[in-house]
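Here the structure comes first, spelled out in structure tokens, and everything after it is commentary.
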Amino acid sequence: MEEPPIPLEPKNDPFQHALANTARIILKRLLHFETLPSTNSYTKDRGAQGEQEGLIVLADKQTGGLGRLNRSWHSPPGGLYFSVLFRPKVISPAEAPLITLTAGVAVAKVLQTAYGVDASLKWPNDVLIENQKVAGILSESALLGEDIEYVVVGIGVNANSTLEDFPKQLHPIATTLHEVLNRNIDLPRLFSYLIGQLEYWYLRLLDKGFHAIAPHWRKLCSHLGKKVNVSIGKTQLIGIAKDISSDGSLILKTPSDQIHIHVGEVTTPIKFQEN
Ligand code: BTN
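Quick note: the sequence shown uses our numbering, first residue 4, plus one each step.
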């Protein structure tokens, strides 16, 4: 049996202070680790053990960070890596992707407002600056019968890392806040802004539904109305990204059809073509 990870002492932890300094409704409990394989995996285990909604799990680095579509998420020190446990009572399993889109709005708004960068969203969950990925979101749900038992929303932000910290193949498609702003980012402050926005937009989703989030998502999206490639497994589609629908799927107009894509990603890499 593996030794369980031990969280850092909360008393003098700047991340605990940053969280405590802003009143929170549900996101109040933080476990901060020096290192974890994956904050998502750890939080899923806690969810399966019956942990209450609102737990935040943060790690300074991850040794097995998880990305979407079975990819890994490179997690060197200097980045911000955390996961949040939600138990959304009014969201059905089919609506779970809306939580990821909602989290994207929260992240992009923080980057735009607090850091003045031109952050945008690429369906479904990439946060970009000048078409290079600065943050990613991985939501994983567990079901109980017809309901969601819990959802873990994991957020990774390339903050104080530099491109040298990443493998060469990521250099053309990734960026970090440090690279863009040419200065060091106060991670506890970034963390507290993200938690504040995540909680606000999540509660808004529960209270008002996705129609209260969708206009913000559309405004932040970099490719609506443009010609894009979408990969769905090994299949590539080309079409105009028309909109997102009420269930969070991407509406793509291909030369022959108009289709709703539920799982996949917009892959047109660096520059989007105008239609
Ligand atoms: C993606 O864009 O593919 C999603 C990346 C999500 C990475 C974050 S880092 C914190 C949390 N823990 C993980 O193992 N993954 C998510």
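Where a beta carbon is used, it is the ideal one built from N, C-alpha and C, also for glycine.
Practice problem: Give every residue of the same chain whose Cβ lies closer than 8 Å to the Cβ of A21, excluding the five residues on either side of it in the sequence, and list them in chain order. | Solution: P191, R192, F194 and S195
Quiz item: How should E143 be labelled, buried or exposed, when 16 other C-beta atoms within 10 angstroms of its C-beta is the threshold for buried?
Solution: buried
Quiz item: Do Y153 and the ligand BTN come close, with the Cβ less than 7 Å from some heavy atom?
Solution: no
Quiz item: Which residue's Cα is closest to the Cα of P258: T270, K245 and G267?
Solution: K245
Quiz item: Less than 7 Å between the CB of Y196 and some heavy atom of the ligand ATP, yes or no?
Solution: As presented, the structure is devoid of the ligand ATP, carrying the ligand BTN as its sole ligands.
Practice problem: Report the rounded CA-to-CA distance for R185 versus S123, giving the unit in angstroms. | Solution: Correcting the residue type first, residue 185 is Asn in the shown sequence and not Arg. Their backbone Cα atoms lie some 19 Å apart in a straight line.
Quiz item: the ligand BTN heavy atoms versus the CB of G107: any closer than 7 Å?
Solution: no
Quiz item: Could you give the C-beta distance for L58 and L34, rounded to a whole number, given that I count them as a contact under 8 Å?
Solution: 7 Å
Quiz item: Pick from I94, I28 and I9: whose alpha carbon is nearest that of G251?
Solution: I94
Exercise. Give me whichever residues DSSP pairs with D129 in a beta bridge.
Key: K125 and G139
Quiz item: Would DSSP call V156 helix, strand or coil?
Solution: strand
Exercise. Enumerate in chain order the residues of its own chain whose CB-to-CB distance from P96 is below 8 Å, with the five nearest sequence positions on each side excluded.
Key: S144, L146, E149, D150 and I151
Quiz item: Taking 7 Å as the cut-off, does the CB of G139 come closer than this to any heavy atom belonging to the ligand BTN?
Solution: yes
Quiz item: Ends of the beta strand (DSSP E) at G50?
Solution: From DSSP, G50 is part of no beta strand (DSSP E) but of the alpha helix (DSSP H) over T42 to A51.
Self-check item: Nearest-angstrom Cα separation, counted from H265 out to Q239
Solution: 14 Å
Self-check item: Span of the beta strand (DSSP E) around V231
Solution: K230 to I235
Quiz item: Out of curiosity, what's the CA-to-CA distance linking Q55 and K256?
Solution: 42 Å
Quiz item: Whose C-beta lies closer than 6 Å to the C-beta of V113 among residues of the same chain, with five residues either side of it excluded?
Solution: Y196, L197 and Q200
Practice problem: Give every residue of the same chain whose Cβ lies closer than 6 Å to the Cβ of A109, excluding the five residues on either side of it in the sequence, and list them in chain order. | Solution: Q200, L201 and W204
Quiz prompt | Reference G159, options Y153, A111 and I262, closest by Cα | solution = A111
Quiz prompt | Same chain only: Cβ atoms within 6 Å of P17, ignoring 5 sequence neighbours per side | solution = P191
Quiz item: Beta-carbon separation of A162 and L83 under 8 Å?
Solution: yes
Quiz item: Q200 bridges to which residues according to DSSP?
Solution: DSSP lists no partner for Q200.
Quiz item: What's the gap between the Cα of Q135 and the Cα of I262?
Solution: 27 Å
Quiz prompt | S225, buried or exposed, once every other Cβ within 10 Å from all chains shown has been counted against 16 | solution = buried
Exercise. Could you check what DSSP says for F18 in three-state terms: helix, strand or coil?
Key: helix
Self-check item: Exposure label - T178; buried when at least 16 CB within 10 Å
Solution: buried
Self-check item: Cα-Cα separation, I102 to H219
Solution: 14 Å
Quiz item: Since G82 sits in a beta bridge, which residues does DSSP pair it with?
Solution: P80
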